[in-house]
Amino acid sequence: MSTALNWTGKDAAFALGRRLISTDASGHLGEGPHFLREGDTYVPTIDENMLVVGDNLPALTRLLATHRGRIKIVYIDPPYNTGNALAYKDHGHDHASWLNFMTPRLMLARELMREDGVIFIHLDDGESAWAQLLGHEIFGEDNSLGTLIHQRAKGGGNSPSFVRGHDYVHVWAKVADQAGAFLTEKKAPAKLEIIDGKRMLVETDVLRAGFGRYARGQERRLMYEDILEVKGPKKLAEVDAKLGTGEYVLRPWGPAGKHAVVRVTPAEKASSKLYSIIKALGGQNDLEDLGLGGIFSYPKPVELVKTLVASQTFFDPGAIVLDFFAGSGTTAQAVMAANERDAGSRTFILIQTPEPLQTKNARSLVGADSEDGFPEISRLTAERIRRAAKRHDPELHFTEIAVAEQ
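The numbering used here numbers the first residue of the sequence shown as 669 and each following residue consecutively.
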């Protein structure tokens, strides 16, 4: 039995997506959307950080010319079913309108992704179920990698039923078997040490005399001098080979004058599998630390997005990260923080429409051209990037461009 998600306008939404994907985005003025920088047509390079100001549908279409098949990670926190989508010219507040709004954008995102690319779609209860079914249609159910839980709050709350303290992050790969494992920094029982001026993760019990539980005070480590007797010549040869490469070292251990086999790994390369529940609180605190507190509602925590970005770029520190609902710019700061951890060169592409930022103190913090109205969200995004760069990467440069439709 086969099932399908149907809604009013579905055929037109998919038709629009297919048409945009097949558009000749060669960059010639007049043949479709194009980018502008200081009034002149601009063609971005593949290795630059960018903030694109404008509607994300033409912006994604235009990126096909330079970034088709180049994006490793897409992270989006799309507008929920609250009316925020009005700024993107998609009117209505029902599920069908939201699905019509998201469909061509997700189709374009898939086209921009690498074969080993991954998309994270971050949502609350409002559209979670619909987004999951839509994602299965666009990316394929076989390419669904599951759902992560973001714990964003604890305690308190005025909910009539229960405290809603989490969101959902649905994950798809472009091609599931090419995405690879989701990794994070390795934690205890290993410990960090400074060896020859470098942060190294040190594991002292990589070899054990046997499996199962040990009595209190009983040594569980298998000493180097006992490997031949306990594990045989094949295991001894394996350990000797790793001692030769420097992956293992020997350390004196215990009163008998023997040596433990110790594994040492550069901290930035020491990884373990990501757990499906990610606790990350305090998105407002991140903005307050940059002097931008109180002007944006519910910003996502940098630590959360950094964890997601790093999970798929742990050994790919030059990857490109795309966020086409950029909001306050959390993703840009998260990419900087990920680079700071491992001296990486990841780059970001952020897209944000210039919708008004409806907070009273936005003008004083970000600035406005006049006393009428409030500054746009995109201006906050740019300011947040500049301030975050001073903290994480003073040498960082980013290009701010506009998207224009023909």
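All C-beta atoms, glycine included, are put in the ideal place defined by N, C-alpha and C.
>> Distance check for alanine 994 and proline 726, CA to CA, integer angstroms please.
In response: 15 Å
> At what residues does the beta strand (DSSP E) containing proline 920 begin and finish?
Replying inline: 916 to 921
>> Mapping the DSSP letters down to three states, classify arginine 730 as helix, strand or coil.
In response: DSSP places arginine 730 in helix when its eight states are reduced to three.
> Using CA coordinates, which residue listed in Ile787, Phe1066 and Ala1011 is at the minimum distance from isoleucine 714?
Replying inline: For the residues Ile787, Phe1066 and Ala1011, the minimum Cα distance to isoleucine 714 belongs to Phe1066.
> aspartate 758 to valine 977, Cα distance in whole Å?
Replying inline: The predicted position of aspartate 758 is uncertain, since its pLDDT is 45 and thus under 50; no value can be drawn from it.
> According to DSSP, which residues form a beta bridge with leucine 990?
Replying inline: Answer is Val742 and Ile1017, bridged to leucine 990.
> Starting from alanine 841 and walking both ways along the beta strand (DSSP E), at which residues does that stretch end?
Replying inline: It spans 834 to 841 - the beta strand (DSSP E) in which alanine 841 sits, taken as one unbroken run.
> When the Cβ atoms of the stretch 1013 to 1024 are set against those of the stretch 1044 to 1053, are three or more pairs found closer than 8 Å?
Replying inline: Yes, the stretch 1013 to 1024 is in contact with the stretch 1044 to 1053.
>> On the DSSP bridge list, what partners appear for threonine 933?
In response: Leu869
> Can you tell me the Cα-Cα spacing of alanine 1070 and asparagine 811, whole angstroms?
Replying inline: 33 Å
> Which of helix, strand or coil does DSSP assign to alanine 1070?
Replying inline: DSSP places alanine 1070 in strand when its eight states are reduced to three.
> Tell me, which residues are paired with asparagine 717 by DSSP?
Replying inline: For asparagine 717, the pairing in a beta bridge is given by DSSP as Phe1066.
>> Suppose you measure from the CA of proline 1062 to the CA of valine 973; what does that come to, to the nearest Å?
In response: 21 Å
> If you compare alpha carbons, which of Ala799, Leu813, Gly794 and Arg738 is closest to arginine 778?
Replying inline: That would be Arg738, whose Cα lies nearest to the Cα of arginine 778.
> By how many angstroms is the C-alpha of valine 870 removed from the C-alpha of serine 796?
Replying inline: 41 Å
> Grouping DSSP H, G and I as helix and E and B as strand, with all else coil, what is alanine 799?
Replying inline: Note: alanine 799 maps to helix in three-state DSSP.
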